[in-house]
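For the sequence shown, the numbering used here puts the final residue at 462, and the numbers step up evenly by one. Scroll down for the structure; my scribbles are underneath it.
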Amino acid sequence: MNKPEPDNLKSVIAKSNAMAVIVVVLLVNFAFAFLNPFGKTTLADLPKDHSWISWTTSDFVSQPATPDIVFLGSSLLLHPLTMLDAHHLKRTVDYADYHRSAYTEERIAASMGVKKPIAFNYAMPGGMISDDWIITEAMVRSRKKPKLIVLGICARDFMDCKVRCPGVMPTFKYLSKAIDMQPVLDLALPNLTDRTDFVIGKIAYLWDVKPAIQELLRGQTRSAIAACGVTNGASQFSPEQLDKLLTADMSAELERGMMVEEPDKERPFSDNTLEYLQRYKHRHESLFASEKQFFEKLLIAAKSNDIKVVVVNMPLTTLNVKLMPPGTYNEYLDAVQTLTSRYDAIFADFNDDDRFPSSLFYDTVHMNSVGGKRFVDALVNVISADKVCIEKLSAPGAAGIASGGGQPL
Numbered sequence: 054m055n056k057p058e059p060d061n062l063k064s065v066i067a068k069s070n071a072m073a074v075i076v077v078v079l080l081v082n083f084a085f086a087f088l089n090p091f092g093k094t095t096l097a098d099l100p101k102d103h104s105w106i107s108w109t110t111s112d113f114v115s116q117p118a119t120p121d122i123v124f125l126g127s128s129l130l131l132h133p134l135t136m137l138d139a140h141h142l143k144r145t146v147d148y149a150d151y152h153r154s155a156y157t158e159e160r161i162a163a164s165m166g167v168k169k170p171i172a173f174n175y176a177m178p179g180g181m182i183s184d185d186w187i188i189t190e191a192m193v194r195s196r197k198k199p200k201l202i203v204l205g206i207c208a209r210d211f212m213d214c215k216v217r218c219p220g221v222m223p224t225f226k227y228l229s230k231a232i233d234m235q236p237v238l239d240l241a242l243p244n245l246t247d248r249t250d251f252v253i254g255k256i257a258y259l260w261d262v263k264p265a266i267q268e269l270l271r272g273q274t275r276s277a278i279a280a281c282g283v284t285n286g287a288s289q290f291s292p293e294q295l296d297k298l299l300t301a302d303m304s305a306e307l308e309r310g311m312m313v314e315e316p317d318k319e320r321p322f323s324d325n326t327l328e329y330l331q332r333y334k335h336r337h338e339s340l341f342a343s344e345k346q347f348f349e350k351l352l353i354a355a356k357s358n359d360i361k362v363v364v365v366n367m368p369l370t371t372l373n374v375k376l377m378p379p380g381t382y383n384e385y386l387d388a389v390q391t392l393t394s395r396y397d398a399i400f401a402d403f404n405d406d407d408r409f410p411s412s413l414f415y416d417t418v419h420m421n422s423v424g425g426k427r428f429v430d431a432l433v434n435v436i437s438a439d440k441v442c443i444e445k446l447s448a449p450g451a452a453g454i455a456s457g458g459g460q461p462l
C-alpha cells in the first residue's frame with residue numbers, strides 16, 4: 054500500500070482544517086441565530102460606532118428625562134441650532150456631544166409660561182424623510198416618545214439625486230436594528246442589489262449583528278487598555294485617549310473635537326451651487342414616491358402615539374430654489390401640505406425671502422446663527438399659538454411611555 058506523499062498529506066490536512074473551521078462557523082451561526090443574543094434592541098442597546106447617528110442616539114438615551122421636543126431634519130436644522138447655542142451659551146459646542154437647543158428651551162418657557170422643556174436636536178447631516186421616520190419609530194418602540202416633533206424639511210429631503218434609495222442611508226441602516234424592517238423592505242430597498250447586506254444578514258446571523266459584536270469587542274479592548282494604564286488605582290488614559298488608541302475608532306465618521314462651533318464666530322459665506330446642481334440633477338421620481346410614503350408613515354406613527362408634529366418648510370435662498378427642475382418645488386410643497394392637513398399636523402412655511410433673506414445664510418441652504426435665532430423665534434410663535442401644543446408642554450413630565458409603535462408600517 055502506497056503511503057501518501059508529504060505534499061498531498063499537507064493538502065489533505067489543510068482542507069480538513071478548512072472544513073472544520075467552516076463547520077464550526079456554521080454551528081456558531083446557527084446557535085446564535087437560535088439564541089438571538091443580539092436581537093432587536095432599544096435605542097440604548099445600539100452599538101456606539103462613532104457615527105453621527107450613534108453619537109446623537111447615545112446622547113438622546115442619556116438625557117435626564119425623555120425630551121419634550123425633538124427636532125428632526127437635515128443639516129438645515131442641525132447647524133443653525135448648534136451655531137445659535139454656541140453664541141447664546143457663549144461656549145464652544147462639539148457636534149459629537151451636544152444635541153440640545155438651549156435657546157429653544159428658554160424661549161418656550163418665557164413665551165408660554167411653562168416649565169423649561171428639554172428640546173433635543175435629532176437632525177442628521179444629509180437626512181432624508183425616511184431617516185426622520187425611522188428615528189420616530191425607534192423613539193416610540195424604545196418607549197421614549199416626545200410630546201412634540203418639529204420636522205424641518207425641504208424638497209431635497211424627498212428627491213436627492215445623490216441617494217439611490219432610503220435604505221442605504223447611514224441613519225436608516227443604523228436604526229434598522231431597533232425596528233422590524235420587513236414591512237418596509239420593498240419601500241426602503243426596492244432593488245435586489247441594495248438588499249444584499251440585508252439578505253446576507255438573514256442567512257448569516259453573525260454578519261447581521263457584526264456592529265454589535267464589534268462594539269462588544271471594542272469594549273473589551275478598551276477595558277484591557279485601561280487596565281494596562283493603571284497606576285496606583287488610577288487610569289493614565291482619559292476616555293478620549295482610549296478612543297484614539299482603538300483602531301476601529303480611528304476611521305470613525307465623527308470624533309470629539311472633529312467638528313465644533315465657536316462662540317461669536319460666524320462661518321464665511323460659501324457658494325455650494327455646484328453641489329446642489331448634482332442633487333437636483335433630475336426629477337428623482339422613484340425616490341420622491343418612496344419618501345412621500347415615509348412622510349405619511351411618520352405622521353401616522355406620531356398621531357397614533359399622541360405626538361404633535363409641527364412640519365416646517367425650511368428657509369432656502371432664492372438661488373437654491375431656482376436650481377430645482379421645473380415644477381419640483383411646487384409638487385413637493387403640495388404633497389407636504391396635503392398630508393400634513395390629513396393627519397392634523399401643523400404646517401408652517403418659513404421659506405420666505407422677506408423673513409429669511411440671504412444675509413442669514415452661510416451658503417445657499419444653511420442658515421447661520423442669526424438665521425437660527427430668527428427661525429426659533431418664528432417657531433416659538435407657531436407653537437405658542439396652538440392649543441394642543443400649549444396643553445402638551447404645560448402638562449407635567451415628559452410623554453415618555455409610548456404605545457409601542459406606529460400604526461401599520
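From the three backbone atoms N, C-alpha and C, an ideal C-beta is built for every residue, glycine too.
Quiz item: Which term fits residue 335, buried or exposed, when burial requires 16 or more other beta carbons within 10 angstroms of its beta carbon?
Solution: exposed
Quiz item: What does a CB cutoff of less than 6 Å around residue 132 pick up in its chain, not counting 5 residues either side in sequence?
Solution: 419
Quiz item: Are the stretch 331-347 and the stretch 149-160 touching, with three or more C-beta to C-beta distances below 8 Å?
Solution: With a cut-off of 8 Å, the stretch 149-160 and the stretch 331-347 do not count as touching, because too few Cβ pairs lie within range.
Quiz item: Hey, how far is the Cα of residue 136 from the Cα of residue 98?
Solution: 30 Å
Practice problem: Report buried or exposed for residue 408, applying the criterion of at least 16 other Cβ atoms within 10 angstroms of its Cβ. | Solution: exposed
Practice problem: Rounded to whole angstroms, what's the CA-CA distance from residue 231 to residue 110? Just pull it up for me. | Solution: Distance between residue 231 and residue 110, taken at the CA atoms: about 12 Å.
Quiz item: In or out: residue 172 buried (at least 16 other Cβ within 10 Å) or exposed?
Solution: Classification of residue 172: buried, given that the 10 Å Cβ count is 16 or more.
Quiz item: What do you get for residue 428, buried or exposed, if any count of 16 or more other CB atoms within 10 angstroms of its CB means buried?
Solution: buried
Quiz item: So what does DSSP say about residue 444, is it helix, strand or coil?
Solution: helix
Exercise. Would you mind sorting residue 319 into buried or exposed? The rule is 16 or more other CB atoms within 10 Å of its CB.
Key: With a 10 Å radius around the Cβ and a threshold of 16 neighbouring Cβ atoms, residue 319 comes out exposed.
Quiz item: Quick one: what's got a C-beta closer than 8 Å to residue 346's C-beta in the same chain, skipping five residues either side?
Solution: 240
Practice problem: Evaluate residue 440 with the Cβ neighbour count: other Cβ atoms within 10 Å of its Cβ, from every protein chain shown; 16 or more gives buried, anything less gives exposed. | Solution: Residue 440 should be labelled exposed.
Practice problem: Reducing DSSP to helix, strand and coil, say where residue 409 ends up. | Solution: coil
Exercise. Starting from the N-terminal side, write out each stretch of the alpha helix (DSSP H) that is 4 residues or longer and does not extend beyond the stretch 306-380.
Key: 326-332, 338-357, 371-375
Practice problem: Compute the Euclidean distance between the alpha carbons of residue 338 and residue 192, then round it to the nearest angstrom. | Solution: One Cα belongs to residue 338, the other to residue 192, and the distance between them is close to 29 Å.
Practice problem: Determine, using beta carbons only, whether residue 211 and residue 385 come nearer to each other than 8 Å. | Solution: yes
Self-check item: Segment limits, beta strand (DSSP E) that includes residue 402
Solution: 399-402
Practice problem: Leaving out five residues on either side along the sequence, give the residues of the same chain with a beta carbon under 6 Å from the beta carbon of residue 370. | Solution: Within the same chain, 411, 414, 417 come within 6 Å of residue 370 by CB-CB distance, once the 5 residues on both sides are set aside.
Self-check item: Alpha carbon of residue 406 to alpha carbon of residue 246, nearest angstrom
Solution: 42 Å
Self-check item: Identity of the residue in 209, 106, 204 nearest residue 375 by Cα
Solution: 209
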